[in-house]
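Just so you know, we're using this note's numbering here: the sequence shown kicks off at 10 and counts up by one. By construction, the Cβ of each residue, glycine as well, lies at the ideal position given by its N, Cα and C atoms. Predicted model, so just to flag it, every value in this text is computed and none were measured.
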Amino acid sequence: MKRDERSLADSLLGWRAGSAWLILIAVAAWGVRPGTAATMKPEAPAIAAPASEGEPAKALLAAEAATIDLFDTASRSVVCIRTFSRHVEESAGAVHELPLGAGSGFVWDRQGHVVTNFHVIDGAEQVEVALADHSHWRARLVGIAPELDLAVLRVDAPAERLVPLPVGDSTRVRVGQTVLAVGNPFGFDHTLTTGIVSALGRTVDSPSGVRIHDVIQTDAAINPGSSGGPLIDSRGRLVGVNTAIYGTSGSSAGVGFAIPAAAVARAVPQLVRHGRIVRPSLGFELAPDALVEALGLAGALVLTVDLGSEAARLGVTGTQRKAPGGWVAGDLIEAVEGRAIHSSGELLDWLEGKQAGETVTLDLYRGGERRTLSLVLAPADPGPGTSLPMPAEIPPATAD
């Protein structure tokens with residue numbers, strides 16, 4: 010894929026809400042490309058007039074002080090990511106690194122693992138990570154999950170330079186609560202924007218074409234280069250990974266999206282261990298938990314059933330759209346192996362501990378009737394793009 014002079018339209022990300030397809034401008038999610046970096050310096054902040062003699066200087070408001078403390082703490086975990094391609098000049102026998110783009114990420118642990126978006130590093134032959142202390146490190150790619158637009162890098166930095174970001178519980182996030190986004194929009198490192206959670210349970214398409222469910226919508230400004238940066242709550246805990254914006258201008262229009270921390274927390278250990286998400290298949294796709302709640306149900310709702318799967322053979326039924334604006338619920342999974350299931354996330358957590366070929370028992374509810382069926386788990390489909398595009402060895406590190 011060519012990276013030079015890439016237009017905004019080349020980095021579009023589809024989004025479906027209900028039955029209508031919307032267009033996501035994923036340049037915020039795709040990182041900054043050459044030729045798109047900001048060309049104007051930010052204006053210097055206005056200098057407040059000094060207090061008159063005898064008038065005491067007013068202290069910051071409590072809310073302002075809290076936001077400052079949050080940023081000071083969280084920003085130590087945020088990194089700037091730059092990607093490069095290699096160009097071989099045969100006549101001179103030289104290898105040149107050409108900039109591809111830039112994005113954001115954050116430190117996951119003191120072993121040097123860094124989380125970002127898959128699309129930020131997609132196609133890169135070299136990646137450089139700048140920590141909050143301005144040291145620069147060459148990174149190796151550990152694992153990718155294109156279906157979640159996630160990637161894990163590793164830098165060979167000393168543990169004392171690495172400040173992991175605490176992970177919160179995104180399943181407890183509520184519409185209206187305050188969130189903060191930290192990243193590197195337009196190349197301006199460690200930029201803070203604030204907003205609220207605008208909606209939950211959104212569905213967006215990942216660059217690989219696989220839908221990501223239960224995505225968080227926020228009005229905190231997300232711009233080109235913000236991709237992969239953290240969305241944090243008012244206690245400084247990760248609740249999402251910023252991935253995309255919706256709009257037509259390529260910059261924030263007050264509608265941004267973040268991968269929920271619950272999905273990130275499930276995926277990252279798998280990416281570190283296996284290089285990809287290893288999860289057997291039930292033979293069907295689950296509906297967003299927000300839809301389940303809207304229907305007044307509790308459990309994991311079957312959205313669609315894979316053709317030719319054992320689930321289809323056993324008569325598992327998916328959810329259907331009913332005009333105007335209604336839904337006909339499919340099978341609701343209330344328990345697996347006798348364990349109560351309250352959400353899709355719970356079912357996915359349980360599924361990650363299983364192996365293909367195992368027989369599992371599902372308790373289903375549909376149309377006022379309950380039934381139990383036994384189903385053999387199918388091998389996981391690794392999905393497209395799971396080959397690692399970067400070298401496995403860690404190149405020499407620098408600490409500029």
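For Arg246, which residues in the same chain have their Cβ closer than 7 Å to its Cβ, ignoring the five residues on either side in sequence? Mapped onto the sequence shown, residue 246 falls at position 237. These residues qualify, in order along the chain: Pro175, Val176 and Gly177.
Given Ala166, which residues of its chain have a CB within under 6 Å of its CB, disregarding the five upstream and five downstream residues? Stepping through the sequence shown from its first residue, residue 166 is reached at position 157. Non-local beta-carbon contacts of Ala166 in its own chain, meaning distances under 6 Å to residues more than five positions away in sequence, involve Gly121 and Trp146 in chain order.
Could you give the C-beta distance for Val325 and Phe293, rounded to a whole number, given that I count them as a contact under 8 Å? Along the sequence shown, one-based indexing puts residue 325 at 316. Along the sequence shown, one-based indexing puts residue 293 at 284. Yes, Val325 and Phe293 are in contact; Cβ-Cβ is about 6 Å, under 8 Å.
Alpha-carbon spacing of Val172 relative to Thr202, whole angstroms: Walking along the sequence shown from the start, residue 172 turns up at place 163. Walking along the sequence shown from the start, residue 202 turns up at place 193. Val172 and Thr202 have their C-alpha atoms roughly 21 Å apart.
Have a look at Asp198, Ala253 and Pro233 and flag the residue whose alpha-carbon is nearest the alpha-carbon of Val224. Against the sequence shown, residue 224 aligns to sequence position 215. Measuring from the Cα of Val224, the nearest candidate turns out to be Ala253.
Backbone CA spacing between Gly366 and Leu384 [nearest angstrom]: Along the sequence shown, read from residue 1 onward, the residue named residue 366 stands at position 357. Along the sequence shown, read from residue 1 onward, the residue named residue 384 stands at position 375. One alpha carbon belongs to Gly366, the other to Leu384, and they sit about 9 Å apart.
From this set, Arg85, Pro233, Val287 and His351, which residue's C-alpha is nearest Glu361's C-alpha? As a working mapping, residue 361 is identified with position 352 in the sequence shown. Out of Arg85, Pro233, Val287 and His351, Val287 has the C-alpha closest to the C-alpha of Glu361.
In the DSSP assignment, what residue or residues form a beta bridge with Thr381? Locating residue 381 in the sequence shown gives position 372, counting from the first residue. Under DSSP, Thr381 shares a beta bridge with Asp372.
Mapping DSSP to helix, strand and coil, what is Val129? The count along the sequence shown starts at 1 and reaches residue 129 at position 120. Val129: helix per DSSP, three-state reduction.
What do you reckon, are the CB atoms on Ala285 and Ala154 nearer than 8 Å? Here residue 285 corresponds to residue number 276 of the sequence shown, with the count starting at 1. Here residue 154 corresponds to residue number 145 of the sequence shown, with the count starting at 1. Note that residue 285 corresponds to Arg in the displayed sequence, not to Ala. Closer than 8 Å, so yes.
According to the neighbour-count rule (16 or more other Cβ atoms, all chains shown, within 10 Å of its Cβ), is Val301 buried or exposed? Here residue 301 refers to the residue found at position 292 when the sequence shown is read from its first residue. Classification of Val301: buried, given that the 10 Å Cβ count is 16 or more.
Mind reading off the beta-carbon distance from Ser235 to Pro278? Whole number of angstroms is fine, and I expect it under 8 Å. Counted from its first residue, the sequence shown places residue 235 at position 226. Counted from its first residue, the sequence shown places residue 278 at position 269. The C-beta separation of Ser235 from Pro278 comes to about 25 Å, leaving the pair out of contact by the 8 Å criterion.
Given a cut-off of 8 Å on the beta-carbon distance, is the pair Pro239 and Phe115 in contact? Locating residue 239 in the sequence shown gives position 230, counting from the first residue. Locating residue 115 in the sequence shown gives position 106, counting from the first residue. Their beta carbons are under 8 Å apart, which means Pro239 touches Phe115 by this criterion.
Glu361, DSSP secondary structure in three states: As a position in the sequence shown, residue 361 is number 352, starting the count at 1. In the structure shown, the three-state DSSP call for Glu361 is coil.
What does Phe293 pair with, by DSSP beta-bridge criteria? Within the sequence shown, the letter at position 284 stands for residue 293. As a beta-bridge residue in DSSP terms, Phe293 pairs with Val314.
Taking only three categories from DSSP, how would you classify Leu31? Taking the first residue of the sequence shown as 1, we reach residue 31 at position 22. Its pLDDT being 37, under 50, Leu31 is placed unreliably by the model, and nothing is read from it.
Environment of Ile77 [buried if 16+ CB atoms lie within 10 Å]: Your numbering for residue 77 matches position 68 in the sequence shown. By the 10 Å Cβ count, Ile77 comes out exposed.
Just list the residues that DSSP pairs Gln329 with in beta bridges. In the sequence shown, residue 329 corresponds to position 320, counting from 1. Secondary-structure assignment with DSSP links Gln329 through a beta bridge to Val337.
Endpoints, alpha helix (DSSP H) assigned at Val273: Against the sequence shown, residue 273 aligns to sequence position 264. Val273 -> alpha helix (DSSP H) spans Ala270 to His283.
For Arg244, which beta-bridge partners are listed by DSSP? For the purposes of this step, residue 244 is taken as the residue at position 235 of the sequence shown. For Arg244, which the question treats as bridged, DSSP gives no partner whatsoever.
Can you tell which of Gly237, Ala208 and Thr212 has the C-alpha that lies nearest to the C-alpha of Asp228? The residue you call residue 228 lines up with position 219 of the sequence shown. Nearest C-alpha to Asp228: Ala208.
Could you tell me which residues DSSP puts in a beta bridge with Ser352? Residue numbering aside, residue 352 sits at position 343 when the sequence shown is read from its first letter. Residue pairing from DSSP leaves Ser352 without any beta-bridge partner.
Can you look up Phe195 in the DSSP assignment and give me helix, strand or coil? What you label residue 195 is simply residue 186 of the sequence shown in a count that begins at 1. Here Phe195 sits in helix by DSSP.
Using the rule of at least 16 other Cβ atoms within 10 Å of the residue's Cβ for burial, across every protein chain shown, is His283 buried or exposed? The sequence position of residue 283 within the sequence shown is 274, counting from 1. His283 sits exposed, since fewer than 16 C-beta atoms from the chains shown fall within 10 Å of its C-beta.
DSSP three-state label for Glu367, please. Position 358 of the sequence shown, counted from the first residue, corresponds to residue 367. Reduced to three states, the DSSP call for Glu367 is coil.
Inter-residue Cα distance where the pair is Leu316 and Ala389: On the sequence shown, position 307 is the one that residue 316 refers to. On the sequence shown, position 380 is the one that residue 389 refers to. Using only the alpha carbons, I get a separation of about 15 Å.
Presumed contact (8 Å Cβ cut-off) between Leu295 and Leu356, rounded CB distance: Residue 295 sits at position 286 when you count from the first residue of the sequence shown. Residue 356 sits at position 347 when you count from the first residue of the sequence shown. About 7 Å; that satisfies the 8 Å criterion.
Could you tell me which uninterrupted alpha helix (DSSP H) segments, each at least 4 residues in length, are contained entirely in the segment 128 to 179, listed from first to last along the chain? Entirely contained in the segment 128 to 179, not one alpha helix (DSSP H) run reaches 4 residues.
Classify His143 as buried or exposed, calling it buried when 16 or more other Cβ atoms lie within 10 Å of its own Cβ. In the sequence shown, the residue the question calls residue 143 occupies position 134. Classification for His143: exposed.
Here's the rule: buried if 16 or more other CB atoms are within 10 angstroms of the residue's CB, otherwise exposed. What is Ala168? Position 159 of the sequence shown holds residue 168. Around the Cβ of Ala168, a 10 Å sphere holds fewer than 16 other Cβ atoms; the residue is exposed.
Using a Cβ-Cβ cutoff of less than 7 Å, which residues in the same chain neighbour Leu304 once the five nearest sequence positions on both sides are dropped? Counting from one through the sequence shown, the residue named residue 304 turns up at place 295. These residues qualify, in order along the chain: Trp336 and Ala338.
Selection from Ser352, Gly347 and Pro289 that minimises the alpha carbon distance to Thr381: Numbered from its first residue, the sequence shown carries residue 381 at position 372. Closest by alpha carbon: Gly347.
Going by Cα to Cα distance, which pick from Ala267, Arg375, Leu323 and Ala332 is closest to Lys342? One-based indexing of the sequence shown puts residue 342 at position 333. Before going further, note that residue 342 is Ile rather than Lys in the sequence given. For Ile342, the closest C-alpha among the options Ala267, Arg375, Leu323 and Ala332 is that of Arg375.
As a quick exercise: from Pro233, Thr82 and Val164, pick the residue whose alpha carbon is nearest that of Gly192. Within the sequence shown, the letter at position 183 stands for residue 192. Nearest C-alpha to Gly192: Pro233.
6 Å Cβ shell around Gln329 - same chain, five flanking residues per side excluded: By one-based count along the sequence shown, residue 329 stands at place 320. Residues Val337 of the same chain have their beta carbon placed closer than 6 Å to that of Gln329, with the five preceding and five following residues left out of the count.
Taking only three categories from DSSP, how would you classify Thr77? Here residue 77 corresponds to residue number 68 of the sequence shown, with the count starting at 1. At residue 77 the sequence reads Ile, which differs from the Thr that was named. Ile77 carries a helical assignment under DSSP once its states are collapsed to helix, strand and coil.
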